[in-house]
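Heads up: the structure comes next, in structure tokens.
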Amino acid sequence: MSNFSYRIAETELLEFHFPIDPFQDSPLHALIRQHSRDPPSTDNDPCFSPAELEAAVRNIRSKKAPGPDGLYGDIVKEAYHANKTYLLYLYNACLAQGYFPSRWKRADLIMFNKSNKKDTDPEAFRPICLLDALGKILDRLVTQRLFHFLLKNDKISSRQYGFTPGRNAPEAILKLKDWVFTARTQKEHSVIISLDVKSAFSRVWWPLVLHNLKKMGCPSNLFKIVASFLDDRSISFKYGDTESSKHYSIGCPQGSNSGPLYWFLVINDALETDLGVDVQILAYADDIYVFVAATGKQTIKLKAEATLQKLQDWSITAKVEFAHEKTQLIPFGKKGRHKHPPYCSFNGRPNKLARNLRVLGVVLDECLNGMAHLHHIGRKVITILNRLTIARSRKGLSGRVIKVLYKRALERILVYAAPAWWTGTAKQITKINSVQRQVLLAVTGAFRTTSTLVLQVLSGIEPADLVCEMETALYRIKHNLPNPSFLGTSLESVMVERYQPFWIHQSTIEPV
């Protein structure tokens, strides 16, 4: 590639991932922008406490790649322990002034290539911003305060399951399945529609973030420091002997602690939209799922298209775009598989009909019996095992090493989100143990005629079905779900640790 061609490619790549706000505003956008940076007349949040700062510094990874200042995390930690009062005074001064230092708003950019896309597509590259550790500490302190304010005052939608304390992917999947089962008990057809937002985190409109923070009654000093954080940001990109810099004014700063929070503030309006009867919505970060139920297929079509139009209107207000070509619809009949499933369109384009839909890493099909997911992860585990087998013959990997790899990686793949799909049926037990059996043969080196039970004893590896049973039981107990049991035994106990949504302000926490 010539130097001229490289410059063109570099410019297009940076413009795609780090865009400039074009100021192409509708009257509503102009109104939001006009007053977005005016601080609210609310009370200030308390100063950062020594315990808060201690926890934020401890969270910095010691050997992670440094930002433009070249200081690794362990150096910053040593500086902090040498004079804890100085850094606390510095960060509290930033909070009091509502100022995020410009030096900490610069980042070194690294681009990673995604293997499943063409190099000519800007989306084939994932940007990673290397930020100064000192700035990341302040960013974390502010983000924790904002999360506390939003969660304590119920400002973040209960339909948001990603990056939220006490929420996770299995809970979101269980909620979707519960909606389907409820519709079936009411003899209704239903559909789940999966929506994808194009480069969601890179398209966050800063004025809308500030507008929503103000609307939610954000403390004045926190609002000011966020407004300062979202101003005059830049990245530096090196390739060979050349280096280029670029300012940007749209998008969550890549590599920051606050990125998910700013996206939450944008998508929150969509999740709180009134979508009508028998229509539900939930999100896991930027993954959006819409559920529609009705007794007639034509009614489903009308409800779904009306809902998608409301979301399209929201996307225009939020200045984000849906990837319509990635929209998928999976139908669920009153009793099972549809012969003639319902369909609908989104923004004039027909939605792709899917018999299997991957939802947050778990494959769902119309039967909702978990077998589609087991077949999927079975193929995935066997593919990895085949590569390990080749490495074993060439590099001399022992069975002990393969056992460690299984316990640390392959088993986690097998039982991922088990509470969302595991029901303990005979088919599930047979399938998951047949997949595990292939690994056990590689670990023990036993004859292929050896029974699975004997292989499990020889290798000292727990049966995969029992691991799924245990994780499902513990999940049901911790989340107060009904009828938790393990191997037919009830496990209800007041001594089991449960998640409690009780919010304590960080400034009041004392070190142990």
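So for the sequence shown, UniProt numbering puts the first residue at 1; every next one is plus one.
Cβ coordinates follow ideal geometry from the N, Cα and C atoms, glycine included.
For a test of the three-state rule: what should DSSP assign to residue i, helix, strand or coil?
i, result
"E188", "coil"
"K431", "helix"
"A318", "helix"
"V180", "helix"
"M470", "helix"
"Y80", "helix"
"Y406", "helix"
"R159", "coil"
"W421", "helix"
"S41", "coil"
"Y91", "helix"
"S220", "helix"
"L311", "helix"
"I504", "coil"
"D74", "helix"
"P22", "coil"
"F486", "strand"
"D121", "coil"
"S202", "helix"
"L195", "strand"
"S345", "strand"
Is the separation between the beta-carbon of residue i and that of residue j shorter than 9 Å?
i, j, result
"I429", "I384", "no"
"C218", "P40", "yes"
"K235", "D108", "Here the sequence assigns Ile to residue 235, which means Lys is not the residue at that position. Yes, the Cβ-Cβ distance between I235 and D108 is below 9 Å."
"T273", "L308", "no"
"F163", "A270", "no"
"F100", "L138", "yes"
"K297", "H189", "yes"
"L441", "L455", "yes"
"Q144", "N268", "no"
"L208", "L146", "no"
"F322", "F291", "no"
"W205", "I156", "no"
"L458", "T449", "no"
"G135", "G73", "no"
"F125", "M216", "no"
"L374", "K319", "no"
"L329", "A304", "yes"
"A65", "L130", "yes"
"A354", "S256", "no"
"V439", "I461", "yes"
"S102", "D241", "no"
The beta strand (DSSP E) with residue i in it runs from where to where?
i, result
"R167", "Careful: R167 lies outside any beta strand (DSSP E) and carries neither H nor E."
"I235", "R233 to Y239"
"P127", "F125 to L130"
"L360", "Careful: L360 lies outside any beta strand (DSSP E) and carries neither H nor E."
"N212", "That residue, N212, is in no beta strand (DSSP E); its alpha helix (DSSP H) goes W206 to K215."
"R106", "R106 to N113"
"Q34", "Counting along the chain, Q34 falls outside any beta strand (DSSP E), though it belongs to the alpha helix (DSSP H) covering P27 to H35."
"L282", "V279 to Y284"
"V290", "D287 to A294"
For residue i, count neighbouring C-beta atoms within 10 Å of its own C-beta (all shown protein chains included) and say buried if the count is 16 or more, exposed if not.
i, result
"I382", "exposed"
"M1", "With a pLDDT of 49 at M1, under the threshold of 50, the predicted position of this residue should be treated as unreliable, and no value is reported."
"E325", "exposed"
"C252", "buried"
"F4", "Caution is warranted here: a pLDDT of 46 is assigned to F4, below 50, making its placement in the model unreliable, and no coordinate value can be reported."
"Y239", "exposed"
"V404", "exposed"
"P484", "buried"
"D43", "exposed"
"D278", "buried"
"T427", "The residue you asked about is not Thr; residue 427 is Lys in the sequence shown. Exposed, because fewer than 16 other Cβ atoms sit within 10 Å of the Cβ of K427."
"L302", "exposed"
"I504", "exposed"
"A293", "buried"
"F18", "buried"
Which residues mark the beginning and the end of the alpha helix (DSSP H) in which residue i is found?
i, result
"T389", "M371 to K395"
"Y262", "G259 to L271"
"F149", "A133 to K152"
"E243", "From DSSP, E243 is part of no alpha helix (DSSP H) but of the beta strand (DSSP E) over T242 to Y248."
"P50", "P50 to N59"
"I413", "E411 to L414"
"Q456", "T452 to S459"
"P331", "Here P331 belongs to no alpha helix (DSSP H); instead the beta strand (DSSP E) covers Q328 to F332."
(request) Report yes or no: do the region 181-190 and the region 199-215 share at least 3 C-beta pairs separated by less than 8 Å? (result) no
(message) Contact between the region 224-237 and the region 361-377 is defined here as three or more beta-carbon pairs at a separation below 8 Å; is this criterion met?
(response) Too few Cβ pairs lie closer than 8 Å, so no.
(message) When you compare the region 39-57 with the region 82-94, are there three or more beta-carbon pairs, one atom per stretch, that lie closer than 8 Å?
(response) yes
(request) Answer yes if the region 111-128 comes into contact with the region 165-180, meaning at least three C-beta pairs across the two stretches below 8 Å, and no otherwise. (result) no
(message) With three or more C-beta pairs closer than 8 Å as the rule, is the region 385-402 touching the region 338-355?
(response) no
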